[in-house]
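Sequence positions in the sequence shown follow numbering that gives the first Met the number 0 and run 0 to 377.
From the three backbone atoms N, C-alpha and C, an ideal C-beta is built for every residue, glycine too.
Being a predicted model, the structure only gives us computed values, none of them experimental.
Input: a single structure, listed below in structure tokens.
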Amino acid sequence: MKKQLVNFIFSMKHLALIAFVLLPFACFAQTRITGIVINSKDKQPIVSASVYLTNTTIGVQTNADGTFALTNIPAGQYELIASFVGFDYHMQTVLINGSDIKLPAIELTEKTKELKVVTIRPDVDWARNYDNFKIEFLGRSDLARQCKILNPNVLSIDYDKAANILTASSSEFLLIDNKALGYRIKYMLTRFVKDDNQGEVSYQGSALIENLKGSNTELRRWKRKRAEVYAGSSMRFLRAVIANKVAESDFQVYPLIRSVNKNSPGLQEGYVQTLVRRKLEVHEYISRTDNTGLFAIKYPNCLYIDYNKTPFANYGSDTSFKINQIGRYATIADLKDDLALFDRNGNVTTPGAIIFEGVWGQRRIAELLPMNFDPKKD
0 MKKQLVNFIF
10 SMKHLALIAF
20 VLLPFACFAQ
30 TRITGIVINS
40 KDKQPIVSAS
50 VYLTNTTIGV
60 QTNADGTFAL
70 TNIPAGQYEL
80 IASFVGFDYH
90 MQTVLINGSD
100 IKLPAIELTE
110 KTKELKVVTI
120 RPDVDWARNY
130 DNFKIEFLGR
140 SDLARQCKIL
150 NPNVLSIDYD
160 KAANILTASS
170 SEFLLIDNKA
180 LGYRIKYMLT
190 RFVKDDNQGE
200 VSYQGSALIE
210 NLKGSNTELR
220 RWKRKRAEVY
230 AGSSMRFLRA
240 VIANKVAESD
250 FQVYPLIRSV
260 NKNSPGLQEG
270 YVQTLVRRKL
280 EVHEYISRTD
290 NTGLFAIKYP
300 NCLYIDYNKT
310 PFANYGSDTS
320 FKINQIGRYA
330 TIADLKDDLA
340 LFDRNGNVTT
350 PGAIIFEGVW
360 GQRRIAELLP
370 MNFDPKKD
């Protein structure tokens, strides 16, 4: 089974965990971020630079004096990006907890001009590699079939036949129209890797998401589809965890114990997987941290997260049982570090620390919802 991996560097040496209290958390007012973007060489303002919070609909261009203001930002942790053609982009982490933020001047540095060596490849190779990239980047779902990359020419794609590794990146924003959800996605792809030998796909990048214009009929259809994607998503699950409404949101969480099965390599990933029929309470796998607005997933085994009102209909009354496949609406959360962090938006801020297998692991750009998505306001 392919896994979606995202590299992320995060220091957790001094992070304290606090017992998770099953009480509603304080609501934070939506806040704003202000600042200025300048040229690092002459300190002059850069006009019309893009400033946005990655994977959200929150973004602007700088004014004539280089200033900007991002407004109506829900509480959470974000990556702020500032970019301009011909300059290296700037990225920094911002944590919103209700107070307005005024950033120091953001300095962009002109890119070093390099003489590019152009390698001419047969068109058939590029087309095949591009099709392979699209399948893994956009996904294989019905939604993915309604997505279109408008400017594939900005992609650099290479396939290493000896290593069976496909890599890609973009020189500027990939423009992706998602006609299933009604979004225009501007995606700066810094790195994409598909390793056929390991059966793994990983990609890194940042996105600004805009609403497409449409007829009233299209707007209603997009709203309905977005709600469907949101219903069983990791975003909704993690928000339900914070609100202590996991069961009310039709999620169930169970322990899944894995052990290496050297004698039966036919089982998924070479594991024996034992699913325990005992619903976990939120406090057993979630803790608050001493960093306001961040929460931790921590559990000694894997978590089997099911979005289904009758998950064990085919397993009788056994208290535990072996499984060799994941349910249709289920996800296995496999912690690779001691813990994984997420914010109030239901956004995992240390994605490399946890791997989702199953329905969440199969989601790609076609299922991407903005981090600030609110079904009540959509």
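Helix, strand or coil at residue i according to DSSP, with G and I counted as helix
| i | result |
| --- | --- |
| residue 297 | coil |
| residue 45 | coil |
| residue 289 | coil |
| residue 186 | strand |
| residue 368 | coil |
| residue 250 | coil |
| residue 266 | The predicted position of residue 266 is uncertain, since its pLDDT is 44 and thus under 50; no value can be drawn from it. |
| residue 134 | helix |
| residue 351 | helix |
| residue 71 | strand |
| residue 257 | strand |
| residue 127 | helix |
| residue 181 | coil |
| residue 358 | coil |
| residue 101 | strand |
| residue 31 | strand |
| residue 58 | strand |
| residue 193 | strand |
| residue 245 | coil |
| residue 92 | strand |
| residue 376 | coil |
| residue 306 | coil |
| residue 273 | strand |
| residue 142 | coil |
| residue 363 | coil |
Paired residues, beta bridge with residue i - DSSP
| i | result |
| --- | --- |
| residue 147 | 176 |
| residue 106 | 37 |
| residue 339 | 296 |
Terminal residues of the alpha helix (DSSP H) in which residue i lies
| i | result |
| --- | --- |
| residue 233 | 233-242 |
| residue 216 | 215-230 |
Contact under 8 Å by Cβ, residue i with residue j
| i | j | result |
| --- | --- | --- |
| residue 102 | residue 90 | no |
| residue 341 | residue 348 | yes |
| residue 30 | residue 87 | no |
| residue 207 | residue 185 | yes |
| residue 274 | residue 76 | no |
| residue 231 | residue 50 | no |
| residue 369 | residue 55 | yes |
| residue 335 | residue 304 | no |
| residue 169 | residue 142 | no |
| residue 298 | residue 249 | no |
| residue 246 | residue 296 | no |
| residue 145 | residue 179 | yes |
| residue 378 | residue 69 | This structure cannot speak to residue 378, because the chain is shown only from 0 to 377. |
| residue 109 | residue 138 | no |
| residue 301 | residue 337 | no |
Beta strand (DSSP E) segment containing residue i, residue limits
| i | result |
| --- | --- |
| residue 281 | Element bounds for residue 281: not the beta strand (DSSP E) but the alpha helix (DSSP H), 281-284. |
| residue 159 | 154-159 |
| residue 86 | Where residue 86 is concerned, there is no enclosing beta strand (DSSP E), given that its DSSP letter is neither H nor E. |
| residue 77 | 75-82 |
| residue 62 | Element bounds for residue 62: n/a, residue is neither H nor E. |
| residue 334 | 329-334 |
| residue 203 | 199-210 |
| residue 166 | 164-169 |
Can you find at least 3 beta carbon pairs, one from the region 237-254 and one from the region 270-281, that sit closer than 8 Å? Yes, they touch.
Three or more beta-carbon pairs under 8 Å between the region 125-134 and the region 222-235, yes or no? no
Would you check if there are 3 or more beta carbon pairs closer than 8 Å linking the region 47-67 to the region 130-140? Under the Cβ criterion (8 Å, minimum of three pairs), the region 47-67 does not count as touching the region 130-140.
Per the contact definition of three or more C-beta pairs closer than 8 Å, is the region 284-293 in contact with the region 358-369? A contact is defined here as three or more CB-CB pairs under 8 Å, and the region 358-369 fails this definition with respect to the region 284-293.
Pairing CB atoms from the region 37-53 with CB atoms from the region 190-203, are three or more of them under 8 Å? Touching, no.
Segment contact flag, the region 344-359 with the region 235-250, C-beta cutoff 8 Å, min 3 pairs: In this structure the region 344-359 lies against the region 235-250, because at least three pairs of beta carbons, one per stretch, are closer than 8 Å.
Segment contact flag, the region 160-177 with the region 144-152, C-beta cutoff 8 Å, min 3 pairs: yes
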